[in-house]
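Below is one structure; the comments refer to it alone.
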């Protein structure tokens, strides 16, 4: 490997925000400040859009205070984009890179971002413009390959756990059926995380449905009925991506049903549709009383003031390591390896090839889902709990002996 | 006033939960433990249901640790009920009171609970069974009369502020129109609280709609369009109880529209309907891109691990004062008086008659709503900010000078 070039660097944030994607950004900035090989460090505004248009800010000018405030803030401080760059788009980006002498490219994002970094790196090779391209993982969905887990997931998992700890107490307060629809179209990690706060045998969520396990309406209603009969109440969490026995998502079936029935102003494609549909089924088919549904929405990834300490530390560390790797290697994605668990939770970082991460997704492993396909296993709890950085404890008095 | 009788006491929690209703409960317990006049302290399970059926637990047996855990937990540790007791129901309750020698009644709840306490107290007088009935205010809606503000509101306001601080950063990250529907059918305090976290001129929410100000669809769309043109994005919060220019709530209009159009499985009465409808209007009428909607739901009142320190302290204090008042007086509701604001925020508690609080609700005062009817005033911020116990700061880099 040739020596690291003396040149400028760019860092950008892509895809949906997380609570710690800014911690990774700050990790890149603070490490870049240590390496004289990196002259200017540009922050690209709105990811590939800013890279293609040359819309940059100077990240070496930021004060230490600003950096700490950015690291503590959710969402992408530089903005993001949903653009999927084609070859021409990437060529424009490389033109900007060349003009600005940008030879380091740090891209914080999911598997699409790893792919973009990979493509730009290869295209640069083709035109003999040597750049070093590194991907820094982030996603609330936790669905990237190679890495043990993704920065961003730990905080989102903490949010889900705290939300369901509260929601279960709410359901104890005024019993009935409560259905919560959770982010995650393809991977169920985030929905599974709703079970992390369970402290007592009868705590909810009592049923947890992930996209990895199809569930028919009959099975779903049977499960709810059985919990209702046992506890007199039932708290359910379901991924937005749960599918019917035939593998088609319920969201898709709903949208199709509505297209057929549509009458101008009625539309069921919005965010609340799946939750409302499931609640309607429980009401009409089981005759259950007090059925409520919530769709958690964007709060899951953006709530201000809520971070997992472990998550934010690791995210920042990933940013720093990307810069360190770039001093030695041509390209790569930063990945996390778990060295110890529980009280001995410990990780180390390593570099993996961009192609190992690009475009691929990881579903929940089988050992994290119970045999019934309606709950999580202890193995999942052991896996995910350390990432939350710890959860609050709650107490209620409903199970105390009566006098 | 006669001396306080030596007898048993009951405490119960009614209505929807809040994050600090348990702090009020613990306040009652710790103060009751100091007064030998109160022999046993019963906790009634599920409010009037437990009182009518004699379903009690012994609150004097709880350890100090348990009390602190309960005080830190959201929702009603004793459970609640939506039953509205009629005269016969109240008579059954009084029978239980008499049988158990319960002469003190502490009821934590909203205006309905104040009314129940009032009715039971009067009915007890009628049968010459002297009881002392006290109401301890709680509601996330902040809509009780007499008191400056209600325990429960401060934490819910903090939740809304943190949610919108994050949501606004999310909307900066991926610009578009975001619409959030907030709890509050009749009073807009909670929706107004979404504006508490605004730090910069262009921070969202850019538009805030409360039930106290009707808004036509034309006005709403015009407002959104104007913000979009100025900022290229728009974050909107709206109470679930917002109404059209004719005073009819949008939720009601929607539900009626759907009853007409209904085709079996299509139902728009769920929680996501209003948000999805507003988003649909913005999409179809303004042609706006990336329009998203969330309905915050029960998280607003139950999220575990999130409390305003000020709120939790005042809630506990209200519980303690109710017991102190009961040593001197026949009945009453605990109310909060503000003595200083801002950095000098300070309150004292006082007793008011149950009839002053029972059944009545307080809307947002005019001076808290801007002239346009689409935002809050500085007076509201000054009023509500201290109740949150302080908010996190956030930072983003989108407005930094480009290079």
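Protein chains in written order, with the numbering used here: chain A, 15 to 417; chain B, 15 to 417. Don't be surprised by glycine CBs; every beta carbon is placed ideally from N, CA and C. Remember, it's a predicted structure, so these values are computed and weren't measured experimentally.
Contacts with chain A (Cβ-Cβ distance below 7 Å) from the region 154 to 180 of chain B involve 176, 177, 179 and 180, listed in chain order.
Under the DSSP assignment, residue 119 of chain B falls in the beta strand (DSSP E) whose first and last residues are 116 to 123. Rounded to the nearest angstrom, the gap between the Cα atoms of residue 85 of chain A and residue 324 of chain A is 13 Å.
Taken in chain order, the members of the region 304 to 326 of chain A whose beta-carbon sits within less than 9 Å of a beta-carbon on chain B are 304, 306, 307, 308, 309, 310, 311, 312, 313, 315, 316, 317, 318, 319 and 320. Under the three-state reduction of DSSP output, residue 144 of chain B falls in the coil class, being neither helix nor strand.
Under a 10 Å Cβ-count criterion, residue 314 of chain A is classified as buried, with 16 or more other Cβ atoms of the shown protein chains found around its own Cβ. The C-alpha of residue 341 of chain B lies about 11 Å from the C-alpha of residue 117 of chain B. Residues of the region 60 to 84 of chain B with a C-beta less than 7 Å from any C-beta of chain A: 69, 70, 71, 72, 80, 83 and 84, listed in chain order. A distance below 6 Å between beta-carbons, with the five flanking residues on each side excluded, links residue 322 of chain A to the following residues of its chain, in chain order: 168, 169, 172, 402 and 403.
For residue 365 of chain B, the uninterrupted beta strand (DSSP E) run begins and ends at 360 to 366, by DSSP.
Contact between residue 190 of chain A and residue 227 of chain A is ruled out by a C-beta separation of about 25 Å, above the 8 Å threshold. Secondary structure at residue 390 of chain A: strand, using DSSP grouped into helix, strand and coil. Residue pairing for residue 252 of chain B: DSSP places it in a beta bridge opposite B:195 and B:223. Per DSSP, the unbroken alpha helix (DSSP H) holding residue 292 of chain B starts and ends at 287 to 300. Residue 44 of chain B places its beta carbon 7 Å or farther from that of residue 22 of chain B. Here the region 30 to 37 of chain B lies against the region 323 to 338 of chain B, with 3 or more beta-carbon pairs under 8 Å apart.
Look at the region 91 to 118 of chain B: the residues with a C-beta under 7 Å from a C-beta of chain A are 91, 92, 93, 94 and 96. Exclusion of the five residues before and after residue 82 of chain B leaves 40 as the residues of its chain whose Cβ lies within less than 8 Å of its Cβ. Runs of alpha helix (DSSP H) with 4 or more residues, each lying fully within the region 72 to 122 of chain A, are found at 78 to 85 and 101 to 113, listed in chain order.
Between the region 296 to 306 of chain A and the region 150 to 166 of chain A, the count of Cβ pairs shorter than 8 Å is below three; the stretches do not touch. Residues of chain A whose Cβ lies closer than 9 Å to the Cβ of residue 87 of chain B are, in chain order, 179, 180, 183, 406, 407, 408, 409 and 410. By the rule that beta-carbons nearer than 7 Å mark a contact, residue 31 of chain A touches chain B. Three or more beta-carbon pairs drawn from the region 202 to 222 of chain B and the region 174 to 191 of chain B are found closer than 8 Å, and the two stretches are therefore classed as touching. When the Cα atoms are used, residue 413 of chain B and residue 42 of chain A turn out to be separated by approximately 20 Å. Listed along the chain, the chain A residues whose CB falls inside 8 Å of the CB of residue 265 of chain B amount to none; the nearest CB is some 13 Å away.
In the DSSP annotation of this structure, the continuous segment of the alpha helix (DSSP H) that includes residue 330 of chain B starts and ends at 323 to 340.
Neighbours of residue 57 of chain A in chain B, taken as residues at a C-beta separation under 7 Å, are given in chain order as 411. Among the residues of the region 203 to 218 of chain A, those with a Cβ less than 9 Å away from any Cβ of chain B are 211, in the order of the chain. Taking one beta carbon from each stretch, the region 22 to 31 of chain B and the region 380 to 392 of chain A have fewer than 3 pairs nearer than 8 Å; the two do not touch. Taking C-beta atoms as the reference points, residue 286 of chain B and residue 263 of chain A fail to come closer than 7 Å. Secondary structure of residue 345 of chain B (DSSP, three-state): strand.
Secondary structure note for residue 53 of chain A: it is in no alpha helix (DSSP H), and the uninterrupted beta strand (DSSP E) holding it is 52 to 58.
If you draw a 10 Å sphere on the C-beta of residue 399 of chain B, you find 16 or more other C-beta atoms in it, and that means buried. Per the C-alpha coordinates, the member of B:416, B:415, B:410 and B:136 positioned closest to residue 185 of chain B is B:410. DSSP places residue 176 of chain A within a helical segment (H, G or I) once states are collapsed to three. With its beta carbon less than 7 Å from one in chain A, residue 285 of chain B belongs to the interface.
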